[in-house]
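Position one of the sequence shown corresponds to residue 172 (our numbering), numbered consecutively onward.
Quick notes on the structure that follows.
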Amino acid sequence: MITTTHLDVGQQPSGELARVPVITVEGHPGGPTVYLQANIHGAEIQGNAVLERLLALCRANRPRGRLILVPMANPIGINQKSGEFTLGRFDPISGDNWNRQYHFDNADLDDFCQSHLSSDDATLCAAFRQRLKAQLARRLASPWGLKTGQLLALRLQQMTVDADVVLDLHTGPISARHLYVPDYARANAHRFNIPLNIVMPSDFGGALDEAAFSPWWQLSQRLAALGRELPMPVDAFTLELGSQEKLDVNQAERDAAGIARYLESQGCWPEGTHKVAPEPQYACALANYRALYSPCAGQIEYLAPLGEPVPAGTPVARIWHYERLGQDGPLYTEVTVPTDAIPVLHFASANVQEGTELYKFLTHTEAL
Numbered sequence: 172m173i174t175t176t177h178l179d180v181g182q183q184p185s186g187e188l189a190r191v192p193v194i195t196v197e198g199h200p201g202g203p204t205v206y207l208q209a210n211i212h213g214a215e216i217q218g219n220a221v222l223e224r225l226l227a228l229c230r231a232n233r234p235r236g237r238l239i240l241v242p243m244a245n246p247i248g249i250n251q252k253s254g255e256f257t258l259g260r261f262d263p264i265s266g267d268n269w270n271r272q273y274h275f276d277n278a279d280l281d282d283f284c285q286s287h288l289s290s291d292d293a294t295l296c297a298a299f300r301q302r303l304k305a306q307l308a309r310r311l312a313s314p315w316g317l318k319t320g321q322l323l324a325l326r327l328q329q330m331t332v333d334a335d336v337v338l339d340l341h342t343g344p345i346s347a348r349h350l351y352v353p354d355y356a357r358a359n360a361h362r363f364n365i366p367l368n369i370v371m372p373s374d375f376g377g378a379l380d381e382a383a384f385s386p387w388w389q390l391s392q393r394l395a396a397l398g399r400e401l402p403m404p405v406d407a408f409t410l411e412l413g414s415q416e417k418l419d420v421n422q423a424e425r426d427a428a429g430i431a432r433y434l435e436s437q438g439c440w441p442e443g444t445h446k447v448a449p450e451p452q453y454a455c456a457l458a459n460y461r462a463l464y465s466p467c468a469g470q471i472e473y474l475a476p477l478g479e480p481v482p483a484g485t486p487v488a489r490i491w492h493y494e495r496l497g498q499d500g501p502l503y504t505e506v507t508v509p510t511d512a513i514p515v516l517h518f519a520s521a522n523v524q525e526g527t528e529l530y531k532f533l534t535h536t537e538a539l
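Next up, the structure:
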């Protein structure tokens, strides 16, 4: 059964409610609860198409468990336009990144662990989920109020607490497809069939994937220090599905199949239900995911094909200085990459200032 409800995540100055659709797929019993969200950044629309294609897969072959799909998760950011561009990566009032405003407080985690050392896994996990829900409720009830982005994030986050899997669908600026992989969940990441992968620590930094997995990772680490083992009960990933301001339904179908293939490993479908054409998959540690900054200002010609390895010393951009037209001397500055690398994304504009982040690269790569 597939149902649609709506969640109010904010209110516009005109009095209109900012409302997002919530599509719930009730599958056969015995599977996980999966939460999938797209378009928290206004210009990052590709994830909506992926959710539509995933819903089609669910209609064709009913999964086990429950899937909660939240497309167009940030109507405020989606409607934040300037001319033909969508600006909605940051809250226009506070300047905060919409995807850095989720919440977790580990202040009393040691006390919680001590009180549940003898609890079985099911009891412990149920109690921890209640603790997370209570934290969010207290945060939302602050007598001092919260910022627009915090209200939006926390109302969305409340839907994730009961999930066993959380997938947050994004895009880059001009970008190849890539995946943020928590180190503990690396074993199954290849199933998404995403070619570029950034393996990251399990700390909390305010993003949705971290808000989903980091509390449980911290809990499992504290319990392990006390001699109590708890297998990680939650997986969460951020999927970067191409470039902003772009909709590619054919690619969305392939990425939906990759997500479904990953969900097979979580029990939503039998193994082998969904087929994908395998792609080479590279990985690097987050510490080796490097930005290359512009050495000068000008108008840039990007040279490096995204997703393809380039050796050290390769020219990856030319910065043209058209203010020098009619003068002697070079018209452009060549920018090279200082080490062997794979370009993942580049700046969306051809106008750059000195110090602009031109590219991001995987370096010191290995097979996923």
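Just so you know, even glycine gets a beta-carbon here, dropped at the ideal spot from N, CA and C.
Where E381 is concerned, the enclosing alpha helix (DSSP H) starts and stops at L379 to A396. Counting the other CB atoms within 10 Å of its CB gives I264 a total below 16, which places it among the exposed residues. In this structure A423 touches R224 by the C-beta definition: roughly 5 Å separates them, less than 8 Å. In this structure, DSSP gives P242 a state outside helix and strand, which the three-state scheme calls coil. Annotated as proximal: L379 and Y273, with beta-carbon spacing under 9 Å. Excluding the 5 residues flanking it on each side, P203 has same chain C-beta neighbours closer than 7 Å at G236, D335, V336, Q437, G438 and C439, in chain order. Residue pairing from DSSP places F256 in a beta bridge opposite S253. Per the coordinates, the alpha-carbon of P366 lies some 32 Å from the alpha-carbon of I247. The straight-line gap separating the alpha-carbon atoms of L474 and A458 is approximately 25 Å. Taking a cut-off of 8 Å for Cβ pairs, the stretch 288-306 and the stretch 350-359 do not touch, as fewer than three such pairs fall below it.
Pairing R271 with R489, the inter-Cα distance amounts to about 33 Å. For E435, the enclosing alpha helix (DSSP H) covers residues V420 to S436. In the structure shown, A356 adopts helical secondary structure according to DSSP, grouped into three states. Counting only runs of 3+ residues, the beta strand (DSSP E) found wholly inside the stretch 281-359 occupies 336-343 and 349-353, in chain order.
In this structure, the CA atom of L317 is about 23 Å from the CA atom of A209.
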